[in-house]
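To convert a position in the sequence shown, counted from 1, into this note's numbering, add 259.
All C-beta atoms, glycine included, are put in the ideal place defined by N, C-alpha and C.
Owing to the predicted nature of the structure, the values given are computational and were not obtained by experimental measurement.
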Amino acid sequence: MRPGIEESNDPAYMYRLFSLIRNVSTSNKAYKEFEPLVSSVYERLKNKQCFLPGDSEFQLQFLYMIAHAQYRNARFNEALETLGQAKQLRDKLSILPPTITYKLISLHASILNGAGKVEEAIPMIEKCLKQRGKYDEDTELLNMKLSLAAYQYNAREYKPAVRTLNSLLGDKPHITKLMGTEWRFKMEMFELISYYDRGM
260 MRPGIEESND PAYMYRLFSL IRNVSTSNKA YKEFEPLVSS VYERLKNKQC FLPGDSEFQL
320 QFLYMIAHAQ YRNARFNEAL ETLGQAKQLR DKLSILPPTI TYKLISLHAS ILNGAGKVEE
380 AIPMIEKCLK QRGKYDEDTE LLNMKLSLAA YQYNAREYKP AVRTLNSLLG DKPHITKLMG
440 TEWRFKMEMF ELISYYDRGM
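Shown next, in the form of structure tokens:
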């Protein structure tokens with residue numbers, strides 16, 4: 260069933276719809292198809308001034324989806340530009356879940372790494388991890404730690420990469436429950452590579 264005019268002009272409804280479409284696109288790696296679709300819908304909502312003051316978080320999430328798709332399509336300059344718009348919008352919001360900030364920083368670091376600027380990505384992630392709340396346990400934070408280990412490894416900072424990796428290896432059943440089996444497999448594969456490269 261196609262959304263009616265009222266639904267298609269409702270940022271909350273369209274965000275929920277495109278979150279579902281994005282999940283399918285991500286599982287199929289269909290970023291080339293998803294990017295122009297989500298971009299055109301976002302521009303239409305913006306041009307029709309559908310984003311009201313209370314819709315800023317939905318607008319921010321749309322920008323994140325677009326920037327992530329641009330990154331996956333190796334359009335790094337466009338992704339950084341879109342991410343810049345998202346950060347400007349974020350800075351205007353007084354209340355914002357920390358997860359969104361973590362996601363923006365993670366994506367920014369991924370773009371820098373993809374663009375061959377891994378030395379800029381590492382301190383960005385390290386700074387965020389140091390500033391997080393003492394009792395924060397967020398899936399995005401665990402993703403950031405694993406990404407940091409990978410970036411350190413790419414930059415040939417092998418000892419820091421191993422230290423970062425070791426900080427993830429505590430309660431494996433708990434991590435599996437929180438992050439999923441595929442994420443744990445990815446972590447353990449990276450652990451295996453790090454042991455092999457050190458002759459262990």
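- Task: Quick one: give me the first and last residue of the alpha helix (DSSP H) that lysine 362 is part of.
- Result: 357-373
- Item | CA nearest to the CA of arginine 331, picked from Gln344, Ser299, Asn287 | Asn287
- Message: Suppose the cutoff is 8 Å on Cβ atoms and the five residues either side in sequence are ignored; what does the same chain contact list for alanine 345 look like?
- Response: Leu319, Leu322, Tyr323, Ala326, Leu363
- Give the secondary structure of alanine 414 by DSSP, where H, G and I count as helix, E and B as strand, and everything else as coil. coil
- Task: Out of Asn336, Arg349, Pro270, Ser365, state which residue places its alpha-carbon closest to the alpha-carbon of alanine 380.
- Result: Ser365
- From which residue to which residue does the alpha helix (DSSP H) around glycine 458 run? Neither: glycine 458 is in no alpha helix (DSSP H) and is coded neither H nor E.
- Proximity below 8 Å, CB of phenylalanine 317 to CB of tyrosine 274: yes
- Using the rule of at least 16 other Cβ atoms within 10 Å of the residue's Cβ for burial, across every protein chain shown, is methionine 459 buried or exposed? exposed
- Message: Need the endpoints of the alpha helix (DSSP H) that arginine 275 sits in, please.
- Response: 270-286
- Pick from Ile280, Tyr455, Gln308: whose alpha carbon is nearest that of proline 295? Ile280
- Item | Contact set for tryptophan 442: own chain, Cβ-Cβ below 7 Å, skip 5 residues either direction | none
- Message: Which of the three DSSP states is assigned to glycine 439 in this structure?
- Response: coil
- Message: If the criterion is Cβ atoms closer than 8 Å, does the pair alanine 368 and aspartate 314 meet it?
- Response: no
- Query: To the nearest whole angstrom, what separates the beta carbons of leucine 427 and lysine 445, a pair I think is in contact under 8 Å?
  - Reply: With 8 Å as the limit, leucine 427 and lysine 445 do not qualify as a contact, their Cβ atoms being about 11 Å apart.
- Message: Whole angstroms are fine: how far does the CA of glutamate 378 sit from the CA of glutamine 390?
- Response: 20 Å
- According to the neighbour-count rule (16 or more other Cβ atoms, all chains shown, within 10 Å of its Cβ), is asparagine 372 buried or exposed? buried
- Item | Anticipated Cβ contact below 8 Å, tyrosine 410 with isoleucine 384, distance rounded | 7 Å
- Does DSSP put cysteine 309 in a helix, a strand or coil? coil
- Of the choices Glu450, Gly375, Tyr417, Asn268, whose alpha-carbon is the least far from that of tyrosine 301? Asn268
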